[in-house]
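Student:
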Amino acid sequence: MAYFEINHLLVKHKSFEGVKTVLDIDKLSLEKGETYGLVGESGQGKTVLALTILKLLQCPPGIIAQGEILLEGEDLLKKTEKKMQAEIRGRRIAMIFQDPMSCLNPVFTIKDCMVDTLRQNHKGMSKKEALAAAVDLLKEVKLADPESTLVKYPHQLSGGQRQRVIIALALCCGADFLIADEPTRNLDVTIQASILKLLRELQKKHHMTVLFIANNLSLVGAFCDRVGILRGGKIIEEGPADQVVSNPREDYTRLLREACETKLEPTNDSREEILLKVEHLKKYFDINDEVKHIRHQSLKAVDDVSFDIHCGEVLGIVGESGCGKSTLVNTILDLFEPTEGKVYFEGKDVFQELKARQGNAFKKNVQIVFQDPYWSLNPRWLVKDIVAEPLDVYEKLGEAERIRRVEELLAMVGLPEDACYKYPHEFSGGERQRIAIARSLASNPKLVVLDEPTSSIDVFSQNQILDLIKDLKKRFGLTNILISHDLAVVHELSNRIAVMYLGKIVEFGPAEEIFEHPRHPYTQALFDAIPRIGETGMEGIRTLEGQIPSPINPPSGCPFHTRCPMATQRCKEEIPQETYYNERHYVRCLYAEQSNENGGTIQ
Amino acid sequence: MKNWMDSLKPKLRSMQESFYLLARNRLSLFALILLCVIVILALLAPWIVPYPQDIADEAHIADKFLAPSGAHWFGTDELGRDVFSRVVYGGRVSLSTAILTVGISLLIGVPLGAIAGTIGGRVDNVIMRITDIFLSFPPLLLAISLVAILGSSLTNAILAIAISWWPWYTRLVRGQAISIKERKFVQAAETIGTGKLKIIFRHIVPNCISPVIVQASMDMGGVILTVASLSFLGLGAKAPTPEWGLMISTGRTYFPDMWWCCIFPGLAIFITVLCFNLLGDAAREILDPKTRKR
Chain A
1 MAYFEINHLL
11 VKHKSFEGVK
21 TVLDIDKLSL
31 EKGETYGLVG
41 ESGQGKTVLA
51 LTILKLLQCP
61 PGIIAQGEIL
71 LEGEDLLKKT
81 EKKMQAEIRG
91 RRIAMIFQDP
101 MSCLNPVFTI
111 KDCMVDTLRQ
121 NHKGMSKKEA
131 LAAAVDLLKE
141 VKLADPESTL
151 VKYPHQLSGG
161 QRQRVIIALA
171 LCCGADFLIA
181 DEPTRNLDVT
191 IQASILKLLR
201 ELQKKHHMTV
211 LFIANNLSLV
221 GAFCDRVGIL
231 RGGKIIEEGP
241 ADQVVSNPRE
251 DYTRLLREAC
261 ETKLEPTNDS
271 REEILLKVEH
281 LKKYFDINDE
291 VKHIRHQSLK
301 AVDDVSFDIH
311 CGEVLGIVGE
321 SGCGKSTLVN
331 TILDLFEPTE
341 GKVYFEGKDV
351 FQELKARQGN
361 AFKKNVQIVF
371 QDPYWSLNPR
381 WLVKDIVAEP
391 LDVYEKLGEA
401 ERIRRVEELL
411 AMVGLPEDAC
421 YKYPHEFSGG
431 ERQRIAIARS
441 LASNPKLVVL
451 DEPTSSIDVF
461 SQNQILDLIK
471 DLKKRFGLTN
481 ILISHDLAVV
491 HELSNRIAVM
501 YLGKIVEFGP
511 AEEIFEHPRH
521 PYTQALFDAI
531 PRIGETGMEG
541 IRTLEGQIPS
551 PINPPSGCPF
561 HTRCPMATQR
571 CKEEIPQETY
581 YNERHYVRCL
591 YAEQSNENGG
601 TIQ
Chain B
1 MKNWMDSLKP
11 KLRSMQESFY
21 LLARNRLSLF
31 ALILLCVIVI
41 LALLAPWIVP
51 YPQDIADEAH
61 IADKFLAPSG
71 AHWFGTDELG
81 RDVFSRVVYG
91 GRVSLSTAIL
101 TVGISLLIGV
111 PLGAIAGTIG
121 GRVDNVIMRI
131 TDIFLSFPPL
141 LLAISLVAIL
151 GSSLTNAILA
161 IAISWWPWYT
171 RLVRGQAISI
181 KERKFVQAAE
191 TIGTGKLKII
201 FRHIVPNCIS
211 PVIVQASMDM
221 GGVILTVASL
231 SFLGLGAKAP
241 TPEWGLMIST
251 GRTYFPDMWW
261 CCIFPGLAIF
271 ITVLCFNLLG
281 DAAREILDPK
291 TRKR
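Residue numbers (the numbering used here), protein chains in the order written: chain A, 1 to 603; chain B, 1 to 294.
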């Protein structure tokens, strides 16, 4: 008998539209110590399965119609709520949830949280013992400086640190079966890699069984022993990870696999004229925090950034979250007041025009598509009104003409006509992003900024969206700024790339050059953190250790020296200037000059 | 015409969905049905009550203080008027004052709150300090003093309650507006170049409205109570208007011997207010937990 087994499980969901089957699993079994990856798009029942196993599924509207879930022969579905709480949850099965931001209670410090959990599960443990155990656990999940982390509140930790705390909590009751529900979603690639490495280490050490839920096949391929593909609540394909990834049987799996492969090549339509020119742009946020005794300090979110964009080109901006890439475009778009610097659009000073209330031409010509299509569309508006919003501002159209234009725009992004009369919540993430793109095109703009256009939607829709963006760009001769923390996305579209770190551009140059020979150690680190399709095992993934330093007190000298594997004493003292590798490609690294003379990369 | 039909359809669908969610909770369904009955009775009162002439000051002294019977279900009062007719008719008065009062408060409170929350800065400061001043009086006391100044009548009672009521909506909407203006669709509207007023009234207000609806349906009950209290104190409706509070006020002299003069109007207040509160809870269940997110 297998360690963990699911037999003939049938879960239904009762809603307004009637009763729907959400899970229909014939058989799923895990051996002790195995890592099983469950892959599928969102809405295919992955999270429902995790919740059903722990009997945390809300019933109603959920209905567990039949089946058994066996953990070492015991049927979990037959256990009472009290028994589940006392014996199973935490003690035998632990779960890591998707969103590390919202699953720690914000009013408790990490210490309260961990000591409570520990003492509840180990009867008779004193407070002192519990505290010592908590420190040990935080050490085990490799949090630097566990003592000071303990007295912090969740909001004071970064996403990666929070996820480590959650893993520590999952460990603290001695569970040996771990359900990880997309533990790295919404985390930066660099952090994702280090969390996965940590999970792998802990799993070996504690001989844990892991059910790993993800929507990304390449991630699962690298991390898991066996993979199951979940679609419409059914497991449609199952097998050893390398086999499923490299030789998929089902069409759907093949599609999932293709979604992880980079296949597009950026087209170069860039022309000579300069569309947008950014000169020494700075955006500082004043920090006045009486509680923390911080006064008159500034957070340098964007620190002296200059670049220009040619007509028809795609500029990719990459960097971890918190590097200032979103602030940069928001400042260019006048959503934030700039601290210093100038932006020229078609040769005209944008900030001056906006001040003189003549910024209409700029606003009409520059549009943005935001990261999260769940929040960027007004949930109370019909799609036709959402898409027509720019039309209402710049062109006064009759109702019939307005509808005609909207339908035209929707057709352009591949949505049917009847989408007009629906609300945004009736669409999937990918479709919503299409609506946002349609809206951004309605005013016939010249420059469209794409702020992480694919990172909140399924891998599956990601490529379709990228295809669409590329197609539209060609049709309308658009110029794009593409922001992403995912190099693969940037690779598919960009002609030139700016790599940002702590508010500064550390490397800037033609895309193909940067992809072939990343010059800055940070750029290299970003590359190494991506799991590639077809690679199994975690050996290929290298991680960048350490946290991004605070932009309020940036490190002296080269801002990257605290995490740079090649940092020397000189890096702590000297601020690196732009070193031109060739006339279009520069790097801000003290050792870039040397490498240039040697003709090789920095290593 | 076709377009108009098309844009109606999704609204109908979401109404159906709301009704489905409401119907899952038996208690709120019961409250809704009961409230519908009360509203229909109130609307049709002049045609269905057994003694419509008793609404006015007509006196049949011979019939005074008859106990409830087949002819007079709720008995008769000190002037021999049919209490049942007057209680049913009183629903008209109470419901229309409640709707008017809450409506006026919403009209003042919601736009002010939305403007304060969205624009912020000095505008916010001015608006919120004014609401603070209003909020620092006990609402019933404020209403009583306003009626004392304006003179006691039902219209003035409505005005007075509305004046003491709107600041709560301003506060509620302001808080909502502050969080909603950070949503990306508002930023998107800004980059598109949509005007400030349109952003406030077309983007922000519709998204603030859920908790306002919840609050307003609870407040309907509260307002009915306040109107009744004012009338009870002789500061609202004037005799012979069949107002529940007023009826209790006149009936209390004869309590407990002629208990029906007080008990039935009291029950009417109790049931109506309870229904509104239950409905408010139901509205919260439907609107509040962002069930529509996906």
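Ideal Cβ positions, reconstructed from N, Cα and C, are used throughout, including at glycine.
Given the structure is predicted, the values throughout are model-derived calculations rather than measurements.
Which of the three DSSP states is assigned to residue 412(A) in this structure?
Tutor: Reading the first sequence from its first residue, position 412 is the one you call residue 412(A). In the structure shown, residue 412(A) adopts helical secondary structure according to DSSP, grouped into three states.
Student: Name the DSSP bridge partner or partners of residue 7(A)?
Tutor: The count along the first sequence starts at 1 and reaches residue 7(A) at position 7. Per DSSP, 27(A) and 68(A).
Student: So which residues on chain A does residue 7(B) lean against when the C-beta distance must stay under 7 Å?
Tutor: For this step, residue 7(B) is matched to residue 7 along the second sequence. Under the 7 Å cutoff, chain A gives 382 and 421.
Student: To the nearest angstrom, how far is the alpha carbon of residue 169(A) from that of residue 180(A)?
Tutor: Taking the first sequence and counting its residues from 1, the one referred to as residue 169(A) is at position 169. Taking the first sequence and counting its residues from 1, the one referred to as residue 180(A) is at position 180. Distance between the alpha carbons of residue 169(A) and residue 180(A) is about 13 Å.
Student: Mind listing the chain A neighbours of residue 187(B)? Cutoff is C-beta to C-beta under 9 Å, in chain order.
Tutor: As a working mapping, residue 187(B) is identified with position 187 in the second sequence. 330, 333, 335, 368, 370 and 376, listed in chain order.
Student: Report the residue from 64(B), 8(B) and 187(B) whose alpha carbon sits nearest the alpha carbon of residue 336(A).
Tutor: As a working note, residue 336(A) is residue 336 in the first sequence. Closest option to residue 336(A), Cα to Cα, is 187(B).
Student: Assuming residue 175(A) and residue 91(A) form a contact by the criterion Cβ under 8 Å, report the distance between their Cβ atoms to the nearest whole angstrom.
Tutor: One-based indexing of the first sequence puts residue 175(A) at position 175. One-based indexing of the first sequence puts residue 91(A) at position 91. About 6 Å separates the two Cβ atoms, so the contact holds.
Student: Does the beta carbon of residue 101(B) sit closer than 7 Å to a beta carbon anywhere in chain A?
Tutor: For the purposes of this step, residue 101(B) is taken as residue 101 along the second sequence, with counting starting at 1. So no, residue 101(B) is outside the interface.
Student: Output needed in chain order: residues of the region 268-288 of chain A with a Cβ under 7 Å from some Cβ in chain B.
Tutor: none
Student: Using C-beta distances below 6 Å, list every residue in its chain close to residue 251(B), excluding the 5 sequence neighbours before and after it, in chain order.
Tutor: Position 251 of the second sequence, counted from the first residue, corresponds to residue 251(B). Only 261 and 262 meet the Cβ criterion.
Student: What is the rounded straight-line gap between the Cα of residue 93(A) and the Cα of residue 131(B)?
Tutor: Numbered from 1 along the first sequence, position 93 holds the residue referred to as residue 93(A). Numbered from 1 along the second sequence, position 131 holds the residue referred to as residue 131(B). Annotation: residue 93(A) to residue 131(B) spans about 52 Å, alpha carbon to alpha carbon.
Student: Using DSSP's beta-bridge definition, name the partner residues of residue 53(B).
Tutor: Sequence index remark: in the second sequence, residue 53(B) carries index 53 (1-based). In DSSP, residue 53(B) forms no bridge with anything.
Student: Over the uninterrupted alpha helix (DSSP H) stretch that includes residue 92(B), give me the two end residues.
Tutor: Locating residue 92(B) in the second sequence gives position 92, counting from the first residue. That run of the alpha helix (DSSP H) goes 83-119.
Student: Between residue 348(A) and chain B, is any beta-carbon pair separated by less than 7 Å?
Tutor: Here residue 348(A) refers to the residue found at position 348 of the first sequence. False, the Cβ-Cβ gap to chain B never drops below 7 Å.
Student: Can you check which of these residues, 240(A), 21(A) and 83(A), is closest to residue 35(A) by C-alpha distance?
Tutor: Along the first sequence, read from residue 1 onward, the residue named residue 35(A) stands at position 35. Among 240(A), 21(A) and 83(A), the Cα nearest to that of residue 35(A) belongs to 240(A).
Student: Check the Cβ-Cβ distances between residue 25(B) and every residue of chain A, and say whether any is below 7 Å.
Tutor: What you label residue 25(B) is simply residue 25 of the second sequence in a count that begins at 1. Output row for residue 25(B): interface = no.
Student: Take residue 574(A) as the anchor and find which of 305(A), 589(A), 127(A) and 25(A) has the nearest alpha-carbon.
Tutor: For the purposes of this step, residue 574(A) is taken as the residue at position 574 of the first sequence. In terms of CA proximity to residue 574(A), 589(A) leads the group 305(A), 589(A), 127(A) and 25(A).
Student: How far does the beta strand (DSSP E) with residue 504(A) in it reach, from first residue to last?
Tutor: Along the first sequence, read from residue 1 onward, the residue named residue 504(A) stands at position 504. Its beta strand (DSSP E) spans residues 504-510.
Student: First and last residue of the alpha helix (DSSP H) that includes residue 190(A)?
Tutor: Taking the first sequence and counting its residues from 1, one reaches residue 190(A) at position 190. 189-206 is the span of the alpha helix (DSSP H), which, as asked, contains residue 190(A).
Student: On the DSSP bridge assignment, give the partners of residue 421(A) in chain order.
Tutor: Stepping through the first sequence from its first residue, residue 421(A) is reached at position 421. Per DSSP, none; premise fails for residue 421(A).
Student: Distance cutoff 7 Å, beta carbons only. Does residue 20(A) sit that close to anything in chain B?
Tutor: The count along the first sequence starts at 1 and reaches residue 20(A) at position 20. Taking Cβ atoms only, chain B never reaches closer than 7 Å to residue 20(A), which makes this a no.
Student: For residue 178(B), return the contacting residues in chain A, with the cut-off set at a CB-CB distance below 8 Å.
Tutor: Within the second sequence, the letter at position 178 stands for residue 178(B). Near residue 178(B) there are no residues of chain A at all, since even the closest Cβ is about 15 Å away, more than 8 Å.
Student: When DSSP labels each residue in this structure, what does residue 77(B) get in the three-state scheme?
Tutor: In the second sequence, counting from the first residue as 1, residue 77(B) sits at position 77. Three-state result, residue 77(B): coil.
Student: Would you say residue 393(A) lies against chain B (beta-carbon separation less than 7 Å)?
Tutor: For the purposes of this step, residue 393(A) is identified with residue 393 of the first sequence, where counting begins at 1. Interface with chain B (7 Å Cβ-Cβ cutoff): residue 393(A) is included.
Student: Verify whether the separation of the beta carbon atoms of residue 104(A) and residue 137(A) is less than 7 Å.
Tutor: For this step, residue 104(A) is matched to residue 104 along the first sequence. For this step, residue 137(A) is matched to residue 137 along the first sequence. No, they are not a contact pair.
Student: Relative to the alpha-carbon of residue 476(A), which residue among 228(A), 441(A) and 362(A) has its alpha-carbon at the smallest distance?
Tutor: Reading the first sequence from its first residue, position 476 is the one you call residue 476(A). The shortest C-alpha separation from residue 476(A) is found at 441(A).
Student: Select from the region 10-39 of chain A all residues with a C-beta closer than 7 Å to any C-beta belonging to chain B, and list them in chain order.
Tutor: 16
Student: Check distances from the C-beta atoms of the region 199-212 of chain B to those of chain A and list, in chain order, the residues that come in under 9 Å.
Tutor: 202, 203, 206, 207 and 209
Student: Can you name the residues that DSSP bridges to residue 318(A)?
Tutor: Working through the first sequence from its first residue, we reach residue 318(A) at position 318. Its beta-bridge partners are 484(A) and 499(A).
Student: Measuring alpha carbon to alpha carbon, tell me which residue in 286(A), 456(A) and 447(A) is nearest residue 365(A).
Tutor: Position 365 of the first sequence, counting from 1, holds the residue named residue 365(A). The shortest Cα separation from residue 365(A) among 286(A), 456(A) and 447(A) belongs to 447(A).
Student: Which residues in chain B have a C-beta closer than 7 Å to the C-beta of residue 325(A)? List them in chain order.
Tutor: In the first sequence, counting from the first residue as 1, residue 325(A) sits at position 325. Result: empty, since nearest Cβ-Cβ is about 16 Å, beyond 7 Å.
Student: Using alpha carbons as the reference points, say which of 183(A), 304(A) and 426(A) lies closest to residue 10(B).
Tutor: Along the second sequence, read from residue 1 onward, the residue named residue 10(B) stands at position 10. Minimum Cα distance to residue 10(B) is reached at 426(A).
Student: Does the structure place the region 226-237 of chain A close enough to the region 196-208 of chain A that three or more beta carbon pairs sit under 8 Å?
Tutor: no
Student: Please identify the residue among 79(B), 83(B) and 14(B) whose C-alpha is closest to the C-alpha of residue 70(B).
Tutor: Mapped onto the second sequence, residue 70(B) falls at position 70. Among 79(B), 83(B) and 14(B), the Cα nearest to that of residue 70(B) belongs to 83(B).
Student: Could you check whether the Cβ of residue 181(B) sits closer than 7 Å to any Cβ belonging to chain A?
Tutor: By one-based count along the second sequence, residue 181(B) stands at place 181. No, residue 181(B) does not count as interfacial toward chain A.
Student: Comparing the C-beta of residue 353(A) with each C-beta of chain B, is any distance below 7 Å?
Tutor: Locating residue 353(A) in the first sequence gives position 353, counting from the first residue. Taking 7 Å as the CB threshold, residue 353(A) stays off the interface with chain B.
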